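Undergrad:
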Amino acid sequence: MEEPPPKEESNARAGAQNPSNLFGGVDSISSLPDEMLHHIFSFVPTKVAITTSVLSKRWRHVWYKTPYLSFPHHKSSLESIHETLASYTAPKIMRFHLYVDRETSEASERSHHVDSLIKFAISPNVEKLSLVLNAYYVFPDFFFSNSSLKQLILDSWNYIRPKCTVSWTSLQNLSLRNCSLDESFIKVLSGSPMLECLTLQSCSLSCLDLSESPRLRRLDLEFFNSSPRKCHIVAPHIHYLRMIDFTQKYSLVDVSSSLIEANIDTIYFLPRFWCTQDDPSKDPSKHDYQVMMQTMLEKLQNVENLTVGLSFLQMLSIAEFSGVHFPTFKVKTLTLKTTILRSAVLGIAKLLQNSPELKKIVFYKT
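The numbers in this note's numbering rise by one with no breaks, and the one at position 343 of the sequence shown is 519.
1. Quick one: using the 10 Å Cβ neighbour count with 16 as the cut-off for buried, is Lys339 buried or exposed?
2. So, using beta-carbon positions, are Arg271 and Tyr244 closer together than 8 Å?
3. Tell me which same chain residues have a C-beta within less than 7 Å of the C-beta of Ile257, skipping the five on either side of it?
4. Return yes when the Cβ of Cys407 is within less than 8 Å of the Cβ of Leu435, no when it is not.
5. Please go through the same chain and pick out, in chain order, the residues whose beta-carbon is closer than 7 Å to the beta-carbon of Tyr264, but skip the five residues on each side of it.
6. Grab me the residues of Ser531's own chain with a C-beta within less than 6 Å of its C-beta, minus the 5 sequence neighbours each way, in chain order.
7. Leaving aside the five residues before and after Cys451 along the sequence, list all residues of the same chain whose C-beta is less than 6 Å from its C-beta, in chain order.
8. Have a look at Met472, Phe217, Ile298, Ala438 and flag the residue whose alpha-carbon is nearest the alpha-carbon of Phe318.
9. Which residues in the same chain as Arg393 place their Cβ atom closer than 8 Å to its Cβ, once the five residues preceding and following it in sequence are excluded?
10. Which ranges would you report for the alpha helix (DSSP H) in the stretch 237-265 if only whole runs of at least 4 residues count?
11. Express the C-alpha separation of Asn310 and Leu208 in angstroms, rounding to a whole number.
12. Using 8 Å as the threshold, is the C-beta distance between Phe361 and Ser378 below it?
13. Can you give the beta carbon distance from Leu386 to Leu365, rounded, assuming they're within the 8 Å contact cut?
14. Tell me whether Phe199 is buried or exposed, calling it buried when 16 or more other Cβ atoms sit within 10 Å of its Cβ.
15. Can you tell me where the alpha helix (DSSP H) with Arg394 in it begins and where it stops?
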């Protein structure tokens, strides 16, 4: 009969299977500083951070003071989020993200819960606030007053119409998506004296005047939804412009001569004079097209770093064919995001021909 292994050997085997013994009996997670644990939590939703508390005794209550809170899942009711935050004790929130869909909102007391969550977020001097509100909501006055907020990302199918004075004295980065804006948006701009970067994606508006925002350097515009009104954009102080326009409703009225970088693409459409066999000189749409393209090209002539897409290159081809005068560009780096099609070759050639200072070409096949 085989004898059992010696006690010391048995203990050695047991020890080899004990994770604590692998690290010299030390809980490696517990030895991490709070700042590192908080940094780890910043990459996961708050609900996930809470469930990981079973990994370590010390980790169990660390999430109470993490400065990063994220509630991205629509399955979480607003009431359950309130229950979670009841245990939260951090003196300051660095980043707060909240997602509210129509189903979640209807299952709760609607704006009352959203109001209280936003108030909770901004009260401990939040610096970065991200809100996705896919339900009807009227922003309360207290939302428009905050001295610590530096970055605001708002995706909301609602009107942004502040009736009060806006006071976002530290706001540097503002990103709005799917928001309806009107003339009251000037309050947001005037109440954000430190604004450096503005992003608008699929937002409806009739005029965007940034002349009273002297610190604004970056403007990022994406327009995909058709609008019955044409929007004029005045941006005399920007250094960087990204404009992706698939509506043909937006025009640059004024941009700064200090604009040094631009990323432009727009819808490709065939003007009527391009599609008919009639004499193009007799088609009034030709003159309108020439004026539009001439104006756009003049706005870009001082840009040093230029990125253009296929649609814009096709429009340049039509412009060259129809006799539009091309200015001399100061482009030093040209990035082409396109497939080489016959309809774009003429535009590419003219762009290269009129860029005598060009030093570098980057090509991305799309």
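We put the CB at the ideal spot given by N, CA and C, even for glycine.
Just so we're clear, the structure is a prediction, and the values are computed from it rather than from any experiment.
TA: The structure says:
1. Counting Cβ neighbours within 10 Å, Lys339 comes out exposed, since fewer than 16 surround it.
2. Cβ distance < 8 Å, so Arg271 and Tyr244 count as in contact.
3. For Ile257, where only same-chain residues beyond five positions count, the Cβ hits under 7 Å are Phe247, Leu293.
4. It is not a contact, given that the beta carbons lie outside the stated cut-off.
5. Cβ within range, chain order: Tyr240.
6. So the list reads Phe505, Val507, once near-sequence residues are dropped.
7. Confidence in Cys451 is poor, its pLDDT being 49 and thus under 50, which makes the residue's placement too unreliable to answer from.
8. The option with the nearest alpha carbon to Phe318 is Ile298.
9. Exclusion of the five residues before and after Arg393 leaves Glu372, Cys373, His413, Ile414, His415, Tyr416 as the residues of its chain whose Cβ lies within less than 8 Å of its Cβ.
10. Qualifying alpha helix (DSSP H) stretches, in chain order: 254-261.
11. Straight-line Cα distance between these residues: approximately 39 Å.
12. Taking 8 Å as the cut-off, the Cβ atoms of Phe361 and Ser378 do not count as close.
13. Correct: roughly 7 Å between the Cβ atoms.
14. Note that Phe199 scores 47 on pLDDT, short of 50, meaning its location in the model is unreliable and no value can be drawn from it.
15. Counted as a single uninterrupted DSSP element, the stretch harbouring Arg394 is not any alpha helix (DSSP H) but the beta strand (DSSP E) occupying residues 394-399.
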